[in-house]
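Residue numbers (my numbering), protein chains in the order written: chain A, 494 to 822; chain B, 494 to 822.
Right, here's the structure in full:
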């Protein structure tokens with residue numbers, strides 16, 4: 494038996510706290526610590542370490558590979574920091590975003606420093622694996638940028654197809670989960686075949702995760718979601734729900750949808766209500782739930798496949814999967 | 494005899510052009526190619542390769558280490574791209590800056606992708622040297638962020654001392670030159686002692702280079718400088734010249750200086766004229782020239798020291814030094 498999910502998460506938290514230092518300039522580093530201490534589920538480093546742990550035959554010390562896991566969390570938070578500037582989002586995890594608390598320039602520069610900090614951590618990983626680790630890290634990092642670019646281009650696009658939308662979230666959301674899994678597999682010495690299966694697993698989890706996010710913006714509760722509900726509707730953001738509307742709507746329904754989209758933010762409640770009524774007519778809610786379940790089922794199948802190949806399960810990995818909405822085994 | 498400065502520069506240009514690809518998303522990559530093709534003297538990669546070449550006993554192929562050299566140029570241009578957003582600069586090398594030509598979000602995101610591209614290049618360097626190369630690269634990269642942070646903090650500072658100012662430019666400008674030199678020394682297998690001497694050389698060159706930049710903003714010609722003269726005076730930017738004023742001014746002169754600083758941009762010519770008169774009274778121009786010459790002389794001494802240790806000169810390195818304002822040997 495390897496480390497439990499809780500043990501791994503606690504080790505990650507401790508290692509993240511140990512990074513904090515008081516070196517000047519204060520305003521370069523303070524936003525980095527502020528962002529890193531704001532919590533979140535630490536999914537990426539836990540995924541990375543759970544897989545490393547799973548492939549290691551004996552009970553392993555997490556310390557030598559911890560920097561690699563931290564790099565995934567730091568890089569993820571860096572992307573959020575810059576995304577919040579680009580999306581002009583004032584709230585993140587129930588707290589003011591960095592650009593809102595400081596200013597946009599501080600957010601840009603501290604973000605840049607944060608991405609370098611991520612690379613500093615990768616560099617502290619096992620030296621003989623550095624080329625392989627960097628290849629995986631660079632690939633994931635660049636894909637996140639691509640995903641964000643697609644997402645920004647969607648802002649001014651009239652029509653976004655389901656395929657385009659999935660391509661975007663695979664880069665924007667799944668890429669870093671895939672990267673975390675690949676880093677863990679590489680550290681643990683997994684076969685290329687197992688790494689590929691687990692990468693596919695992470696992609697399915699990532700898609701499901703993003704669809705859930707879209708779903709919760711409309712059907713979630715403000716408290717559990719951490720931001721106000723219906724924002725995506727009010728801002729006419731393309732989401733999996735809006736993509737489904739455009740796919741399923743009759744000409745008349747499409748015209749109604751276009752009319753609703755023109756309603757300004759001052760008619761917020763009315764706009765949300767009308768769009769949600771259209772969602773109901775087109776059974777968008779059910780279709781989204783079904784898609785989420787299909788991706789989770791696919792992920793589960795891939796995880797089981799890898800468990801069979803390896804001849805042992807990973808309670809930690811199963812735990813992460815369950816916490817992401819997957820079925821508890 | 495190794496490669497000439499011109500050979501090295503031509504090889505760098507060719508390698509940079511070979512990076513360009515048409516992969517989507519176009520708006521993520523286009524600003525990167527736009528920035529990289531905008532020229533500049535390619536000082537950092539040429540420095541890196543000239544030093545690598547110098548320490549290699551036989552005539553070496555530059556190709557295997559070229560990615561490392563490109564990383565320095567790409568990272569440098571990334572910092573300019575983000576700096577232009579933060580400083581709201583509309584012009585760079587006589588062309589529109591990225592945020593001006595596209596928009597701020599594109600500049601932020603393409604910059605992020607550009608820094609990852611730099612790391613992708615480093616990763617393509619000699620695999621056995623990767624840990625050492627990354628250590629040098631990370632250190633230089635983080636120091637540039639620190640320098641930019643100090644520079645931004647100076648914007649709202651009443652008083653900046655000479656020491657604070659030099660600390661800032663050592664990080665903001667010299668750090669990447671030091672990094673390029675260190676990478677070249679590492680690639681060429683230089684001794685720790687030689688690497689240190691050359692790092693010091695790069696620092697002196699970097700300081701001289703920034704002081705020249707400050708000097709040229711006031712005493713240069715618009716055509717050769719690539720941007721309008723006197724901008725630093727109009728915007729009350731702390732420069733080496735303004736630092737010297739604060740160091741040398743009597744109480745009355747300080748009061749006059751404070752009054753001039755309050756003149757708005759609509760009284761541009763008057764403001765520049767009055768401040769320049771104060772510069773004349775305090776012999777700031779001469780003092781700045783002397784400081785530049787002192788740093789260049791120190792750099793020259795360090796270069797000669799290394800040449801003596803190594804028992805051979807590097808015409809390419811001497812050429813780069815001369816092109817940066819150093820005496821032609």
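Positions of the beta carbon are idealized from the N, C-alpha and C atoms, including for glycine.
9 Å Cβ cutoff, residue i in contact with chain B
i, result
"residue 643 of chain A", "yes"
"residue 616 of chain A", "yes"
CA-to-CA distance, residue j to residue i, given in whole angstroms
i, j, result
"residue 701 of chain A", "residue 619 of chain B", "40 Å"
"residue 800 of chain A", "residue 794 of chain A", "10 Å"
"residue 673 of chain A", "residue 789 of chain B", "47 Å"
"residue 508 of chain A", "residue 709 of chain B", "48 Å"
"residue 546 of chain B", "residue 513 of chain B", "26 Å"
"residue 682 of chain A", "residue 549 of chain A", "8 Å"
"residue 609 of chain B", "residue 688 of chain B", "26 Å"
"residue 591 of chain B", "residue 808 of chain A", "49 Å"
"residue 495 of chain B", "residue 555 of chain B", "11 Å"
"residue 738 of chain B", "residue 617 of chain A", "45 Å"
"residue 559 of chain B", "residue 540 of chain A", "36 Å"
"residue 731 of chain B", "residue 653 of chain B", "7 Å"
"residue 589 of chain B", "residue 583 of chain B", "6 Å"
"residue 669 of chain A", "residue 680 of chain A", "16 Å"
"residue 615 of chain B", "residue 632 of chain A", "14 Å"
"residue 759 of chain B", "residue 586 of chain A", "45 Å"
"residue 725 of chain B", "residue 811 of chain A", "59 Å"
"residue 452 of chain A", "residue 658 of chain B", "The structure shown does not extend to residue 452 of chain A, since chain A is modelled only from 494 to 822, so the question has no answer here."
"residue 575 of chain B", "residue 780 of chain A", "42 Å"
"residue 757 of chain A", "residue 764 of chain A", "8 Å"
Amino acids of chain B, ordered along the chain, whose beta-carbon sits closer than 9 Å to that of residue i
i, result
"residue 605 of chain A", "571, 572, 575, 604, 605, 608, 634, 637, 638, 641"
Residue i: contacting residues in chain A (beta-carbon distance under 7 Å)
i, result
"residue 672 of chain B", "In chain order: nothing, as chain A lies at least about 12 Å away."
Chain B residues whose Cβ lies nearer than 7 Å to that of residue i
i, result
"residue 601 of chain A", "575, 578, 579, 601"
"residue 598 of chain A", "579, 645"
Chain-ordered neighbours of residue i on chain B, where CB pairs are closer than 8 Å
i, result
"residue 646 of chain A", "518, 520"
C-beta neighbour in chain A for residue i, strict 9 Å
i, result
"residue 612 of chain B", "yes"
Segments of 4+ residues assigned as alpha helix (DSSP H) that fall wholly inside the stretch 666 to 738 of chain A: 668 to 681, 685 to 712, 715 to 718, 724 to 727
Interface positions of the stretch 518 to 536 of chain B facing chain A (Cβ-Cβ less than 8 Å), listed along the chain: 518, 520, 521
Members of the stretch 619 to 634 of chain A near chain B, C-beta cut-off 9 Å: 620, 623, 624, 627, 628, 630, 631, 632, 634
Selection of the stretch 551 to 564 of chain A by Cβ proximity to chain B, strictly under 7 Å: none
Complete runs of the alpha helix (DSSP H) confined to the stretch 503 to 529 of chain A [at least 4 residues]: 519 to 529
In chain order, each alpha helix (DSSP H) run of at least 4 residues that lies wholly inside the stretch 769 to 817 of chain B: 777 to 803, 808 to 816
Runs of beta strand (DSSP E) lying entirely within the stretch 739 to 767 of chain B, each at least 3 residues, in chain order: none
Ordered list of alpha helix (DSSP H) runs contained in the stretch 615 to 670 of chain B, each at least 4 residues: 623 to 648, 655 to 662
Ordered list of alpha helix (DSSP H) runs contained in the stretch 534 to 601 of chain A, each at least 4 residues: 536 to 548, 559 to 580, 591 to 594
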